[in-house]
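Numbering (the working numbering), first residue to last: 107 to 730.
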């Protein structure tokens with residue numbers, strides 16, 4: 107009866123502490139809904155492209171596909187959400203030919219998104235030299251729960267049933283854009299891929315010199331090495347957090363002496379007592395001990411586990427962040443490589459123009475010697491040759507700078523860059539599959555990183571909320587204690603042990619934990635808005651770059667026809683000048699216009715190639 111009475115009193119006391127500490131928790135602010143993700147891309151912002159004899163995008167057939175695009179993983183759902191998403195998927199499966207499936211609320215999306223230990227299918231797996239292999243089960247601890255908990259329930263998610271973009275598409279309507287991605291002697295079968303982001307860079311780029319540069323850059327780039335160390339740091343942080351909710355066991359030994367005054371309480375007691383067999387306490391009194399101590403905070407509110415899971419989400423986020431930088435590095439190397447080819451082509455055009463102008467200079471000198479020309483014509487041709495020679499030196503300087511940009515990316519000191527001698531305008535056109543906007547959520551590493559940050563921020567809110575509730579700690583100790591080493595290990599005389607529990611919670615002056623809670627809520631809103639901004643930016647990048655590919659393709663075709671006309675005019679001007687039927691000024695203008703047109707064609711082709719590379723990166727390609 108007495109034990110039951112004490113148990114009731116303890117239960118009542120614990121309930122009182124829980125009620126008192128749990129009062130006064132601030133309410134969460136809610137996020138504003140973001141813009142809805144369109145079901146397809148609007149090339150050229152929905153306006154038709156200018157009329158040319160090139161086939162427009164609207165006439166390009168879509169890739170036939172029956173696959174349902176699911177940009178979020180729905181592995182770990184709460185019971186009340188499985189029915190919602192289950193019915194949505196069922197409705198999705200019944201739709202034939204519709205553009206978009208049902209929208210998913212932001213709270214459900216956070217639960218359904220890929221906040222699980224598994225990484226996205228197209229994510230770059232760090233090499234053993236980058237991150238020591240540790241399973242997430244090890245990071246999360248052997249608790250029997252192999253998955254990361256959802257971010258929060260509806261009361262914890264900063265958003266009021268926010269309708270996220272329609273992330274589940276019933277039919278993937280894929281539009282195709284013609285692009286040039288390699289020399290004409292290396293065709294690539296891209297038609298088997300509905301989205302070019304699924305292509306590894308080893309298939310997207312066919313130039314062996316460029317592929318070698320990319321491989322060397324991925325191995326030697328210092329920024330990627332720094333990010334690999336950040337991944338290692340985040341992994342270690344997760345591992346450290348996993349030990350906070352486990353018992354702490356320590357082993358120690360003590361030794362010391364103490365002399366108590368005769369007229370003190372301890373001294374008076376020792377003077378009246380005997381140790382054993384009529385022997386009094388030694389003076390000074392020794393104190394020797396050996397024992398083990400255990401302390402354990404029972405994670406009843408999952409504060410420590412959620413803190414560890416938030417660290418795990420950030421660890422996965424750093425991996426996705428590195429994947430995104432990999433795509434940027436691949437794109438930057440390829441862009442600089444094609445810029446180098448463009449400079450080579452510009453140098454060739456300039457050298458050919460100089461050779462032609464020198465011939466014209468010789469003709470003008472011969473005509474002057476024959477009395478059919480003037481010194482003015484000779485000097486004008488000479489000045490034009492010298493101007494182009496000066497321009498050639500500037501281009502050679504640009505080549506050195508671009509080569510060194512590639513060398514810097516590859517982590518090596520200045521040296522020549524081996525490259526192809528294929529004429530830039532002869533690069534073949536192949537098909538670039540853009541996919542549907544919802545596939546960005548799977549393909550873009552920066553979007554996946556933003557997802558991890560949203561998950562971590564939601565878990566941080568849970569951690570901050572748990573600080574309002576009391577914490578329960580257990581401490582225990584077992585060992586031996588004696589005044590002399592000769593009596594130290596006598597059992598049970600020298601055996602000591604203890605067990606204690608502590609229930610502590612905040613009661614008055616909760617300003618610090620309230621501020622932490624509100625700050626965690628604000629950080630969660632930041633993560634949500636950053637996710638929305640990342641998705642919006644990714645969509646705009648894809649539209650901008652692929653529209654740029656198409657518009658520059660049309661511009662290249664027009665400039666090629668312009669070049670044919672200018673070449674014919676130069677030939678005619680030279681013939682007329684040699685037959686004294688045209689002035690030297692006409693020859694100079696024709697040659698200058700032809701050279702400028704060739705230079706502009708090379709620049710336009712370079713911009714088109716850069717747009718293709720950036721479109722490939724914007725779609726999420728390159729992280730392989």
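Cβ atoms here follow ideal geometry from the backbone N, Cα and C, with glycine treated the same way. The model shown is predicted, which means the values in this text are computed figures rather than measured ones.
What whole-angstrom Cβ distance do residue 344 and residue 421 have, given they're in contact under 8 Å?
With 8 Å as the limit, residue 344 and residue 421 qualify as a contact, their Cβ atoms being about 5 Å apart.
Ignore the nearest five residues each way along the sequence and tell me which others in residue 457's own chain have a CB closer than 8 Å to its CB.
The residues are 498.
Note down the Cα distance separating residue 576 from residue 397, rounded to an integer number of angstroms.
C-alpha separation (whole angstroms): 29 Å.
What first and last residue would you give for the beta strand (DSSP E) that runs through residue 581?
Segment 577 to 588, the beta strand (DSSP E) holding residue 581.
Indicate whether the contact test is met: 3 or more Cβ pairs, each with one atom in the stretch 362 to 377 and one in the stretch 385 to 404, closer than 8 Å.
Touching, yes.
Looking at the strands, I want to know which residues DSSP matches up with residue 607.
DSSP output for residue 607 lists 580 as bridge partner(s).
Can you tell me the Cβ-Cβ gap for residue 517 and residue 326, rounded? I've got them flagged as a contact below 8 Å.
Rounded, the Cβ-Cβ distance is 3 Å, consistent with contact.
Would the beta-carbon of residue 635 fall within 8 Å of that of residue 557?
Taking 8 Å as the Cβ cut-off, residue 635 and residue 557 do not qualify as a contacting pair.
Is the beta carbon of residue 455 closer than 8 Å to that of residue 470?
No; because the gap between Cβ atoms is not below 8 Å, this pair is not in contact.
Does the distance from the C-beta atom of residue 447 to that of residue 525 stay below 8 Å?
For residue 447 and residue 525, yes; Cβs fall inside 8 Å.
Mind reading off the beta-carbon distance from residue 336 to residue 414? Whole number of angstroms is fine, and I expect it under 8 Å.
Between residue 414 and residue 336 the Cβ distance is about 18 Å, and since that is not below 8 Å, they are no contact.
On a Cα-Cα basis, can you pick out the residue from 583, 416, 689 and 371 that is closest to residue 348?
Of the candidates 583, 416, 689 and 371, the one whose C-alpha sits nearest the C-alpha of residue 348 is 416.
In the DSSP assignment, what residue or residues form a beta bridge with residue 533?
For residue 533, which the question treats as bridged, DSSP gives no partner whatsoever.
Note down the Cα distance separating residue 232 from residue 671, rounded to an integer number of angstroms.
Any reading at residue 232 is ruled out, since the residue's pLDDT is 38, under 50, leaving its predicted position unreliable.
Using the beta-carbon count (16 or more within 10 Å), is residue 313 buried or exposed?
With 16 or more Cβ atoms within 10 Å of its Cβ, residue 313 is classed as buried.
Look up residue 354 in the DSSP assignment and say whether it is helix, strand or coil.
Looking at residue 354 - three-state DSSP - the assignment turns out to be strand.
If you draw a straight line from the alpha carbon of residue 501 to that of residue 625, how long is it in whole angstroms?
Distance between the alpha carbons of residue 501 and residue 625 is about 54 Å.
Quick check: the stretch 579 to 593 against the stretch 396 to 411, are there 3 or more CB pairs under 8 Å?
In short, these stretches touch, since the Cβ pair count reaches three.
Could you tell me if residue 665 is buried or exposed, where buried requires 16 or more neighbouring beta carbons within 10 angstroms of its beta carbon?
Result: buried.
List the DSSP bridge partners of residue 361.
Residue 361 is bridged to 394.
Just confirm the distance between the C-beta atoms of residue 669 and residue 707, as a whole number of angstroms; I'd bet it's less than 8 Å.
That belief holds up - the Cβ atoms of residue 669 and residue 707 are roughly 6 Å apart, short of 8 Å.
Output yes or no for whether 8 Å exceeds the beta carbon distance between residue 315 and residue 487.
Not a contact, by the Cβ cut-off of 8 Å.
Using DSSP with H/G/I as helix, E/B as strand and the rest coil, what is residue 601?
Strand at residue 601.
Cβ of residue 513 within 8 Å of Cβ of residue 503?
Not closer than 8 Å, so no.
Let me confirm a value: residue 533 is counted as buried when at least 16 other C-beta atoms fall within 10 Å, else exposed. Which label applies?
Residue 533 should be labelled buried.
Using CA atoms only, rank isn't needed, just tell me which of 505, 603, 490 and 682 is closest to residue 699.
Comparing Cα-Cα distances from residue 699 to each of 505, 603, 490 and 682, the minimum goes to 490.
Buried or exposed, going by whether 16 or more other CB atoms sit within 10 Å of the CB of residue 493?
So residue 493 counts as exposed.
Quick one: what does DSSP say residue 544 is sitting in, helix, strand or coil?
If DSSP states are grouped into helix, strand and coil, residue 544 belongs with the helices.
Can you tell which of 562, 645 and 574 has its C-alpha closest to the C-alpha of residue 633?
Closest option to residue 633, Cα to Cα, is 562.
What would DSSP say about residue 348, mapped onto helix, strand or coil?
Coil, per DSSP.
Use the C-beta contact count for residue 710: other C-beta atoms within 10 angstroms, 16 or more gives buried, fewer gives exposed.
Result: buried.
When DSSP labels each residue in this structure, what does residue 403 get in the three-state scheme?
Strand, per DSSP.
Please report the straight-line C-alpha distance between residue 594 and residue 410, rounded to a whole angstrom.
Distance between the alpha carbons of residue 594 and residue 410 is about 39 Å.
Could you tell me the distance, in whole angstroms, from the CA atom of residue 667 to the CA atom of residue 459?
C-alpha separation (whole angstroms): 19 Å.
What span of residues does the alpha helix (DSSP H) with residue 725 cover, start to end?
Taken as a continuous stretch (DSSP letters only), residue 725 belongs to no alpha helix (DSSP H), as it is neither H nor E.
To the nearest angstrom, how far is it from the Cα of residue 288 to the Cα of residue 311?
The predicted model places residue 288 with a pLDDT of 38, which falls under 50 and marks its position as unreliable; any figure quoted below should be read in that light. Distance between the alpha carbons of residue 288 and residue 311 is about 6 Å.
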